[in-house]
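Residue numbering for the sequence shown follows the working numbering, starting at 23 and increasing by one per position.
Take a look at the structure below.
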Amino acid sequence: MQSRIARLVLTAVAMLMAVSVLGAGTAAAARTDGMQSYKGIDPEQWLRDVDTALATASADLRSRVAAGGKLAIVFDIDDTTLATDFAIDRDNIPAVDGTLKLAKQADQSHVEVFYITNRNYTETGRPSKTRIALERAGLPVHTIYHRTPDDPRGKQEMKTAYRAQIEDDGYTIIQNVGNNWTDLNGGHAERTYKLPDYDGKLQ
């Protein structure tokens with residue numbers, strides 16, 4: 023009887039270990055689900071590099087929120103919050119795991135989430151394809167600043183001006199996250215986080 027009980031216990035333990043291993047494998051695969059290599063860059067390596075670039079962002083955000091104020095966070099979109107270049111299906115672009123977690127943390131901490139993108143959009147009264155893509159990927163979307171077709175400004179000038187506008191609306195931008203220096207240069211943010219672009223290989 024004791025031997026049978028021991029076998030049952032060992033079987034149960036083995037099953038639990040198998041479920042744990044399977045669960046870990048599923049979680050790891052989810053990071054790159056819907057992604058493929060791009061210009062020789064492995065998507066899992068890219069996501070690890072993004073994690074490294076954002077290593078202090080969560081703790082920094084938590085500390086800054088505790089200090090109070092009308093706070094905002096700004097994200098770029100392509101290869102910052104959406105894995106655009108790595109997407110297998112461009113109509114169903116996965117979120118970037120590290121920035122997805124940071125955006126959700128900001129949203130849950132009552133930090134206003136802004137996106138500033140070089141993607142063109144003319145207001146039509148309907149959601150832009152960019153908003154739909156962000157929401158489909160699970161990202162919290164408050165406000166998106168797009169480029170308009172008649173805007174002659176360079177990318178950095180445009181993005182800097184939009185951050186200044188956010189400040190004029192009374193917000194303090196506590197973090198600005200992008201993968202190109204044109205997303206970040208120009209000021210109007212307490213902290214900037216430069217994600218990898220591998221010498222301009224990514225958008």
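Quick reminder that beta carbons are idealized off the backbone N, C-alpha and C, glycines included.
With a threshold of 16 other CB atoms inside 10 Å of the CB of residue i, please say whether the residue is buried or exposed.
i: P171; result: exposed
i: W68; result: buried
i: G120; result: buried
i: T102; result: buried
i: D205; result: buried
i: A52; result: exposed
i: D98; result: buried
i: M39; result: Model confidence at M39 stands at a pLDDT of 41, short of 50, so the residue's coordinates are unreliable; what they give is reported in the following sentence. It counts as exposed.
i: T54; result: buried
i: G147; result: exposed
i: P65; result: buried
i: A77; result: exposed
i: A155; result: buried
i: A81; result: exposed
i: G47; result: Since pLDDT at G47 reaches only 41, below the 50 mark, its modelled position is unreliable, and the value read off the structure follows with that caveat. So G47 ends up on the exposed side.
Which residue marks the beginning of the alpha helix (DSSP H) containing residue i, and which one marks its end?
i: L93; result: Per DSSP, L93 belongs to no alpha helix (DSSP H); it is in the beta strand (DSSP E), L93 to F97.
i: K151; result: K151 to R158
i: K223; result: Note, K223: premise wrong, no alpha helix (DSSP H); not H, not E.
i: P65; result: P65 to A75
i: P131; result: Per the sequence shown, residue 131 should be read as Ser rather than Pro. Run containing S131: none; DSSP gives neither H nor E here.
i: R84; result: A79 to A89
i: L206; result: W203 to L206
Pull up the DSSP beta-bridge partners for residue i, would you.
i: Q58; result: According to DSSP, Q58 bridges with nothing at all.
i: I166; result: Y137
i: I188; result: Paired residues: none, contrary to the question.
i: A109; result: M57
i: N198; result: V96 and T214
i: N142; result: R169
i: A117; result: L104
Counting only the same chain and skipping the five closest in sequence on each side, list residues whose C-beta sits under 7 angstroms from that of residue i.
i: T106; result: D100, I115 and Q225
i: A75; result: Y215, K216, L217 and P218
i: K92; result: G192, Y193 and T194
i: K223; result: K61 and I63
Less than 6 angstroms between C-beta atoms, sequence neighbours within five positions excluded: which residues of the same chain meet that for residue i?
i: D71; result: P218
i: E157; result: V163
i: Y167; result: I138 and Y184
i: G45; result: The pLDDT assigned to G45 is 42, lower than 50, so where the model puts this residue is not dependable; a value taken from the coordinates is nonetheless given after this. Cβ neighbours of G45 beyond the five flanking positions: none.
i: N202; result: D219
i: G200; result: D98, T102 and L206
In its own chain, which residues sit with a C-beta less than 8 angstroms from the C-beta of residue i, not counting the 5 before and 5 after it?
i: D111; result: G56
i: T152; result: I99, Y137, T139, R141, Y143, I166 and H168
i: L122; result: T103, A159, G160 and L161
i: E189; result: I195 and H210
i: L83; result: I95, L124, Q127, A128, S131, V133, I196 and Q197
Touching by the beta-carbon criterion (3+ pairs, under 8 angstroms), the region 122-130 and the region 155-164: yes
Any 3 or more C-beta pairs closer than 8 angstroms across the region 174-186 and the region 205-220: yes
The region 129-136 touching the region 84-99, judged by at least three CB pairs closer than 8 angstroms: yes
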